[in-house]
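Taking this note's numbering, the leading residue of the sequence shown gets 594, the next gets one more, and so forth.
What follows is one structure encoded as structure tokens, with my remarks underneath.
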Amino acid sequence: MPVDVYGVRHHGPGSARAVRAALEERPPDLVLIEGCPELDAIVDLLGEPDMVPPVAALVHAADEPRRAVFYPLAHFSPEWVAARWALGRGVPVRFLDLPAAHAFALEQQEEAGTDPAPSVPAARLDPIGTLAATAGYDDAERWWEDAVEQRHDSPAQRFAAISAAMAAVRDADDRPADDPDVRRNARREQWMRKVLRAEVRAAPEARIAVVCGAWHAPVLEPGSFPPASRDTDLVKGLPRTKVAAAWTPWTAARLGYASGYGAGVAAPGWYQHLFEHLSRPDPDPRDLATSWLVRVARTLREERLDASTASVVEAARLAETLATVRGRPSVGLSELDDAAQSVLCEGSRLPLDLVHQRLVVGEQLGSVPDSAPLVPLAADLARQQRTLRLKPSATVQQLDLDLRRESQLARSVLLHRLRLLGVAWGEPADTGRTTGTFRESWTLEWRPELAVDLVEAGVWGTTVAAAAAARAADRATRSGDLAELAGLVSTCLTADLPDGVEAVLDALDARAAAQHDVPALLSTVEPLARTCRYGDVRGVDTDRVRRVLAATVVRACVGLPMACASLDEGAAAEMVTAVAAAQRGLSLLADPGLDDAWAAALESVSTPDHVAGGVAGRATRILLDGGRLDSADAATRMGRRLSLAAPAIQAAAWLDGFLAGDAVLLVHDDTLLGLVDTWVAELDEQVFEDLLPLVRRTFSAFSAPERRTIGEQLSRLGRSDAASGATAGGPDLEQAAPALRAVARLVGWEVVEHDGAA
594 MPVDVYGVRH HGPGSARAVR AALEERPPDL VLIEGCPELD AIVDLLGEPD MVPPVAALVH
654 AADEPRRAVF YPLAHFSPEW VAARWALGRG VPVRFLDLPA AHAFALEQQE EAGTDPAPSV
714 PAARLDPIGT LAATAGYDDA ERWWEDAVEQ RHDSPAQRFA AISAAMAAVR DADDRPADDP
774 DVRRNARREQ WMRKVLRAEV RAAPEARIAV VCGAWHAPVL EPGSFPPASR DTDLVKGLPR
834 TKVAAAWTPW TAARLGYASG YGAGVAAPGW YQHLFEHLSR PDPDPRDLAT SWLVRVARTL
894 REERLDASTA SVVEAARLAE TLATVRGRPS VGLSELDDAA QSVLCEGSRL PLDLVHQRLV
954 VGEQLGSVPD SAPLVPLAAD LARQQRTLRL KPSATVQQLD LDLRRESQLA RSVLLHRLRL
1014 LGVAWGEPAD TGRTTGTFRE SWTLEWRPEL AVDLVEAGVW GTTVAAAAAA RAADRATRSG
1074 DLAELAGLVS TCLTADLPDG VEAVLDALDA RAAAQHDVPA LLSTVEPLAR TCRYGDVRGV
1134 DTDRVRRVLA ATVVRACVGL PMACASLDEG AAAEMVTAVA AAQRGLSLLA DPGLDDAWAA
1194 ALESVSTPDH VAGGVAGRAT RILLDGGRLD SADAATRMGR RLSLAAPAIQ AAAWLDGFLA
1254 GDAVLLVHDD TLLGLVDTWV AELDEQVFED LLPLVRRTFS AFSAPERRTI GEQLSRLGRS
1314 DAASGATAGG PDLEQAAPAL RAVARLVGWE VVEHDGAA
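This is how it looks when you write it as structure tokens:
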């Protein structure tokens, strides 16, 4: 059985170089790669020139797109090297792992609790960590790099050594056979051997190359196969589910995530550099350090930090010396980091951290050819991205939009639609100091997992617009929260979804008509009013929204007096918040009809004693600010509410609602300030102690200068005219004397003292 098994570390540059050398040395007639066989239908795309790593194969359940698995590939991935080598020479490439159709169905059984042989999982085995500890290393990554990645012996010797080492670890593995991890791997390996047997039977003379994880290599060697009759117990009668596969761009940063074959690397940028170095003919280890440090110095200069050529040479020598002292076969990333920090960064880690993301991790975003299969929704998004010149990027980008320009408005619409679908490519950002409604700012970052979000969102439609409208309609149908529906109206308008707006407004109108909860009705006013106020910036029709808003306001006004009767403290606080929000919304529209109805409703709850103090105080303040109540009437109502006959708790609540974080009234109206001062002064000591937290909460909302001004006002109010020397309605000459003397000296007047006064 001419089968060559190459046990690799996924994303290992040394493994990738060894696989390529082994394939050149012993050319196979068939290449089998660890991975689900659903990828067989799309593997030919890896040979396309437009397929640029990092990329990933996405395999997902057709009826449950969130159940998905990625198979990432980079330039330095052994699977990528093997597939490209074979496709470039016309050698068939297939995958031999357990089909995803079975794997997903088994996952569903485990989650549902119907797995025929469940067990408590033991600790997951780390074979590389075990071998590193045996060799005396405290860092598994460093051991693998020293023992495998930087070896320069023949490929056959290297893969034989890896297989023997993994066989020893497997023999020492004492986990029970029913452990989930052991059982899962055993099932996969049975399937792999089943595929190998079938390929050998189909072409007995053909040479087969198997590229798999190092852990599986010992049990895939032809001489280690158990009898076929005893090697199928775990793969008989497996459940199935329908799956789909596609290629999607990946990012260097996401290569650190374990997915697909469970591999991840912490330094993909460094591994890419190492792979390029090892791929050269007769690579010089000294060039590895120098070329990397040149890149570090260049990046530091781009960050406006000094990094001279002489420093690069010195750092390279230091890195080589460190590798020698540490007994390493070649310079590694830890030596290069230490040397760069000591020489290029003058001992500080901070400058090195600035370039870490760009160099050690990398900022590459792969691309897939246009011929690659995409779900219809993803294809529509790709078309719009090209049209709007919104190219996805793995790095965070700031996008500022002027909504008065048609092209930039279209970009905004697309991003809002994607957010509605749950595809968070862009997040709204602060627009800065501008207060105009025609500007938007977004933070864009394309993450590979958004491909799964697109697949999942594909159930709503084949285009972004249709899917977003359908998703909005579904949310409206399921939601009974009026505030959520009002916000959804605004979202649909900013996303330019007329069908979605109609569906949401229908739901909102129906819910509001049957809604008797006044705070819920009031909570819809502000988002709807904001939509009407600023909708013209986007050129959308808000007539239907205005009609729904007007009907909602009328219903709320009719129900407000009854809803404000006999409220407890929590309900009163909720009502105050709802009333304040509704006032903010109505102030945006300046609609006389709605303003009159709202003022009448507020008047009806501002005076009765049975209305909670906080609600009555807030209503009084709104009427005063709106010019529907003069200062004298407000003082009369305050005097009645703060009288000794009124319950102290309700008086404090009324004051809190009336002031509502705004000290302007007390600063400029001595009458109101005097009423508050008198009320506090006349409180019984025990009552004062009970009310102190409430009053303190009210005044703590004022700024420090406002509180200081109020204190100064009170100090003047506390003096009698006789003590202060002030005439009725006149200035306080005693306090003004120092200022008068200073002004007199400045203008050259002579100051004459009479009985100690100027």
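Glycine included, each C-beta is placed from N, C-alpha and C at the ideal position.
Here DSSP, grouped into helix, strand and coil, assigns Q990 to strand. In this structure the stretch 1059-1067 touches the stretch 1091-1106; the number of beta carbon pairs closer than 8 angstroms is three or more. Rounded to whole angstroms, D1099 and L1252 show a C-alpha spacing of 39 angstroms. For the options E896, A1329 and S1083, the alpha carbon positioned closest to that of A1122 is the one of S1083.
Per DSSP, L1037 is one residue of the beta strand (DSSP E) stretching across R1032 to L1037. The residues A1060, A1063 and R1064, in chain order, have a CB closer than 6 angstroms to that of W1053 in the same chain once the five nearest residues on each side in sequence are set aside. Going by DSSP, L1081 is part of the alpha helix (DSSP H) stretching over L1075 to T1087.
Three or more beta-carbon pairs separated by less than 8 angstroms are not found between the stretch 931-944 and the stretch 966-976, which leaves the two stretches without contact. Per DSSP, reduced to three states, the secondary structure at E896 is coil, with no helix or strand assignment. Across the set L625, T1036 and W863, the C-alpha of W863 shows the shortest separation from the C-alpha of E738.
Spatial neighbours of A1076 in its own chain (CB-CB distance under 8 angstroms, excluding positions within 5 residues in sequence) are listed in chain order as A1113, S1116, T1117 and P1120.
In this structure, the alpha-carbon of L983 lies about 15 angstroms from that of E1033.
A straight-line Cα-Cα distance of about 18 angstroms links L1160 and E1196. Just so you know, the alpha carbons of R1334 and I1303 end up roughly 28 angstroms apart. The beta carbons of E913 and V924 sit closer together than 7 angstroms. With contacts defined by Cβ atoms closer than 7 angstroms, A802 and V624 form a contacting pair.
Close CB contacts of E1020 within its chain, under the 6 angstroms cut and outside five residues either way in sequence, are with T1036 (chain order). In the structure shown, S941 falls within a coil segment according to DSSP collapsed to helix, strand and coil. Counting only runs of 3 or more residues that sit fully inside the stretch 819-866, the beta strand (DSSP E) segments are 836-842, in chain order. Here A693 has C629, E631, V652 and V836 as same chain residues with Cβ atoms under 6 angstroms from its own Cβ, once five neighbours each way along the sequence are excluded. In the structure shown, C1150 adopts helical secondary structure according to DSSP, grouped into three states. Per DSSP, reduced to three states, the secondary structure at I721 is helical.
Just measuring C-alpha positions, the residue of D766, G605, G706 and V788 sitting nearest V596 is V788. Classified as buried, T1145 has 16 or more neighbouring CB atoms from the shown chains inside 10 Å of its CB.
In terms of Cα proximity to A749, the closest of A611, E782 and R847 is A611. Separation of the CB atoms of H866 and D880 is rounded to 11 angstroms, and the pair is thereby denied contact status at 8 angstroms. G1210 sits close to G1250, with the two beta carbons spaced by under 7 angstroms. In the DSSP assignment, S1005 forms no beta bridge with any residue. For the options G1267, A1246 and R776, the alpha carbon positioned closest to that of A1228 is the one of G1267.
Per DSSP, reduced to three states, the secondary structure at G729 is coil, with no helix or strand assignment. The distance from the Cβ of F1031 to that of R997 is about 5 angstroms, consistent with a contact at the 8 angstroms cut-off.
By DSSP's assignment, D1102 forms no beta bridge with any residue.
Distances from the CA of M1155 to each of D1110, R1140, T1124 and D1136 were compared; the closest alpha carbon is that of D1110. Straight-line measurement puts the Cα of A609 at about 23 angstroms from the Cα of V662. Annotation: A1164 to A1158 spans about 10 angstroms, alpha carbon to alpha carbon. DSSP places S1224 in the helix class (H, G or I) of the three-state scheme.
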